[in-house]
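Here the structure comes first, spelled out in C-alpha cells, and everything after it is commentary.
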Amino acid sequence: MSKSASASVSSHKETLQQYQHGKLLGVKSSHLKTFRYVSYLLFLGLILILPSLVNGLQLRLATLASIWFVATMGLQVLMGQAGLVSIGQAAFVGVGAYTAAILATKHGFSFLLTIPIAGLSGVILAIIVGFPTLKLRGHYLAIASIGVGQIILVLMVNWRAVTNGMDGITSITRPVESNTTYFYICVAIGLFIAAALYSLRKTPVGLAFTALRTDETAAGAMGISVAWHYLIAFMISGFCAGVAGGLFAYNEGFISPYGFDLGQSIVLLTMIIIGGLRHISGALVGAILLVFLPPNLEFLGSSYMVIYGVAVLLVILFAPDGAAGAILKLRDKFLRKISGTSREGVTQ
Amino acid sequence: MTNESILEVDGIRQEFGGLVALDNVSFNVRKGEIHGLIGPNGAGKSTLINVITGIYKPRQGKVSVSGTKLTGMRPDQVYAAGIARTFQNIRVWPELSLFDNVMIGAYRSSEIQPWNALLRKKKLRQRVAGMEKATLEALATFDLDKIADRPAGSLSYGQKKLLELARAVVASPTLLLLDEPAAGLNPVEVGNLQERIRSLVGGGTSVLVIEHNMKFVMGLCENISVLNFGRKIMTGTPSEVQNSPDVIEAYLGSTSFQNSKKS
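Read top to bottom, the protein sequences are chains A and B.
When we follow numbering that gives the first Met the number 0, the leftmost residue of the first sequence carries the number 0, and every step to the right adds one.
When we follow numbering that gives the first Met the number 0, the leftmost residue of the second sequence carries the number 0, and every step to the right adds one.
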C-alpha cells in the first residue's frame, strides 16, 4: 500500500465514525445521539409507569407483547438480516415452553435455570433442523419450515409420556406473584436480548448476514462461510424462540399444543413484516401492534377481521419497510429539519 | 519472475447436462505473473473461474494453488486459501456502503465468533480495528476512500468495478482472478486499470485475467491461454498467440464459425 494511503487512514476513521452516527441520513450526529438517548429514556420511563396507568387486562397484553417481542426478534435476525424465511417459529417457541414447563413442574428447576435452558433447547433444535433444511432457499425453505413445525406439533400431541398430550402441562408457577413484576422481568429479558443483537449486528457477523441476503454467491466468494452463517442466524432465532416459550409457559401457567401451531407461526411472521423486517425495533413495534390491535378492535364486531386485514394490507403496500421503518423515516425528517440540512446536501 | 507455479489447473472437465463446458483443460499460472485467459463467447472462461473458486465441482481433474488442492473446497475455503476474484457481471452489495462492502472481504469468520459481541469485547474491537485498517487502505489504493460512506448502489459502473477490485485485494490474496475487468470502461479507465493491476503484481500478487479487450490483454499479460469450445487451444506469449493460425481461426472462424453460433 502507498504511503498516502496509510496517512489518510486516521482522518478517514473519523469520517466513517461520523457516517455511522447519521452522516448518511443528512443528520448531525450530535442531534441523532441526543434523540436516541431521549427516546430511550422516554421508553424506559413509559415501561416503568405503564403498570400503574393501565388495567389488568392491558398489562397482561403488554406482558404478552414483550414475550412475542423476544420470539419475533429471532425472526428479524433470520428473515430480516440473513434473508431466510421460516414459517415454523411457533414450534420453536413450543419446544422452549415445554422444556421450561417440564423442568419446572417435574424436576423443580428454578426460573433462573429454566429460561436459559429453554433458550438452549431452541438452539439445539435449530442445529438438528438446520443441517437438513438450510440447504434449501426461498419458498422451499418456507415449506420445509412448515413441515418441521407440523412434526413438532405432532410430537407435542402424541408423545404423551413427556408432553401429556392434548391435556397439556398445568400449574406452572411463576417465580413472582405480582403481574407487574413479571411484566418487568419479561421486558428486561427482551431489552437485554435486543441489546445483544444490536451489538452483534454492528460486528462483521451482521455485515455477513446482509451480504448473504443480498448476494449469496458473492458472499461465498468473499470468504463468508455460507452454511455456518446461516446456522448462526438459525441458532439465534431458535434461542429467542426458546426463551420466549419459557416466558410464555410461566405467564400462562398452562400450556398445550394449541398455542404453537401453524397459525401462531403466521402471527409471528406477520408481526415482523408489519413491524419492519430490516429493523430490530420492528420486532417490538410489530409485537405491540399485533397483540394490542385485535382485542381493541372488538367493538367493530363481525367486521373486525375485514378492518384488520385491510390495515395489514395498507401497511405492506405503503410502508414496505414496516411500521418501524416509517417511524424511523419520520425521525430522520424531523432531525434534518432541526439540523437545517438536506439529505442531498450532506451526502454529496 | 520465477518458474514456480502458483496455480495449477490439471485436466479439468465440467459438464452441464449433456453439454461439455470444459474438456481436459490444463495450464499453469506462474508466481508473479499476469496470465491472460481468452476465447470467443461461450468458450468456458467464466466456467473455469467458477471451477477454480469452488462454485462448480468439476467432473474430472484438479486445481491446486501453491501445492494445496482446491478441488472439493467451498468458495469461502478457496478464498481463505488466498484466491480472490471479481465477477463478470458486477456483484457488489448495493445497499451497503463502500466501506462495508470491502469490510466483508476483510472479515475472517474464524477470528470473530458471534458470542464475541457479548463477551470479550476488547478482543473483538482489536480484531475489527485490524480489518477496518486494511479496508481503508484498500479503498485508498483505488481512490475510493473519500466516498467510503456512500452506498455502493450509487456508484458509476467504472467505480463499481474499482470497488470490486478493492474488495478483492483487501485480504492480500496470492492469486487474483479478474473476470472481464475492462469491459465497459472507457480508454482512459482501461489505461488506469492496467497500471493498477501491474502495481498489484509488484506487491506480490499473481493475476489470472479473462478479457475480450485484446489491446488490454496483449499489453498486460506475459502469457495467454486460449480456450475454444471448452478446450485449450494453446498457451503462449502475446505474440505467439497473435500469430497462431488456430487462434485466428477460433476468433475469425473458417469452418468453425457456423458451429460457434450454436454455442
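Just so it is clear, CB atoms sit at the ideal spot from N, CA and C, and this is done for glycine as well.
- Pairing A:Val94 with B:Pro150, the inter-Cα distance amounts to about 41 angstroms.
- By the Cβ neighbour-count rule, B:Thr67 is exposed, with fewer than 16 other Cβ atoms within 10 Å of its own.
- Collapsing the DSSP output to three states places A:Val84 in coil.
- When rounded, the separation of the alpha-carbon atoms in A:Leu230 and A:Leu133 is 8 angstroms.
- At least one C-beta of chain A is nearer than 8 angstroms to the C-beta of B:Ile103.
- Using a 10 angstroms sphere on the CB of B:Asp22, the tally of other CB atoms reaches 16 or more, which defines it as buried.
- Shown here for A:Ile66: same chain residues with a beta carbon closer than 6 angstroms to its own, the five before and five after excluded, namely Cys185, Ala243, Leu246, Phe247 in chain order.
- Burial is judged here by how many other beta carbons sit within 10 angstroms of a residue's own beta carbon; A:His138 has fewer than 16 and is exposed.
- Of the residues assessed, A:Tyr39 falls on the exposed side of the cut-off, its CB having fewer than 16 other CB atoms within 10 angstroms.
- Non-local beta-carbon contacts of B:Glu179 in its own chain, meaning distances under 8 angstroms to residues more than five positions away in sequence, involve Gln87, Ile209, Glu210, His211 in chain order.
- When 7 angstroms is used as the limit between beta carbons, A:Thr180 is near no residue of chain B, the shortest such separation being about 26 angstroms.
- Using beta-carbon distances, A:Ala322 does not count as an interface residue toward chain B, since no partner is under 8 angstroms.
- In the pairwise beta carbon analysis, the region 134 to 145 of chain B is classified as not touching the region 66 to 84 of chain B: fewer than three pairs are separated by under 8 angstroms.
- The beta-carbon of A:Ala125 is placed no less than 8 angstroms from the nearest beta-carbon of chain B.
- A distance of 8 angstroms or more separates the beta carbons of A:Thr104 and A:Tyr181.
- As for any beta strand (DSSP E) of minimum length 3 sitting wholly inside the region 142 to 178 of chain A, there is none.
- Close to B:Val127, with beta-carbon spacing below 8 angstroms, are these residues of chain A in chain order: Thr202, Pro203.
- In summary, no residue of the region 175 to 199 of chain B has a CB separated from any CB of chain A by less than 8 angstroms.
- For the region 0 to 18 of chain B, the set of positions with a beta-carbon nearer than 7 angstroms to some beta-carbon of chain A is empty.
- DSSP places A:Phe68 within a helical segment (H, G or I) once states are collapsed to three.
- Residue burial annotation: B:Gln241 is exposed, with fewer than 16 other C-beta atoms found within 10 angstroms of its C-beta.
- From the beta-carbon of A:Met221, the residues of chain B found nearer than 7 angstroms are Tyr78, Ile103, Gly104, Arg166.
- The region 163 to 171 of chain A and the region 262 to 280 of chain A do not touch, with fewer than three beta-carbon pairs separated by less than 8 angstroms.
- For the C-beta of B:Ala20, not a single chain A residue is nearer than 8 angstroms; the gap to the nearest is close to 17 angstroms.
- Per DSSP, reduced to three states, the secondary structure at A:Pro203 is helical.
- Interface with chain B (8 angstroms Cβ-Cβ cutoff): A:Ala103 is excluded.
- Contact of B:Pro74 with chain A by beta-carbon distance below 7 angstroms involves Gly219, Ala220.
- Here DSSP, grouped into helix, strand and coil, assigns B:Lys68 to strand.
- A check of alpha carbon separations from A:Thr169 across A:Tyr249, A:Phe91, A:Leu296 identifies A:Tyr249 as the nearest.
- Of B:Arg12, B:Phe215, B:Ser224, the smallest CA-CA separation from B:Val187 is found for B:Phe215.
- By the Cβ criterion, the region 118 to 126 of chain B is not in contact with the region 46 to 62 of chain B, since fewer than three pairs of Cβ atoms, one from each stretch, lie closer than 8 angstroms.
- Judged by DSSP secondary structure, B:Val8 falls outside any alpha helix (DSSP H) and instead within the beta strand (DSSP E) spanning 4 to 15.
- For B:Leu135, the uninterrupted alpha helix (DSSP H) run begins and ends at 120 to 140, by DSSP.
- The region 50 to 59 of chain B makes no contact with the region 228 to 243 of chain B; the number of CB pairs closer than 8 angstroms stays below 3.
- Around the beta carbon of A:Ala187, fewer than 16 other beta carbons sit within 10 angstroms, so the residue counts as exposed.
- Shown here, B:Asp144 sits in a helix according to DSSP, grouped into three states.
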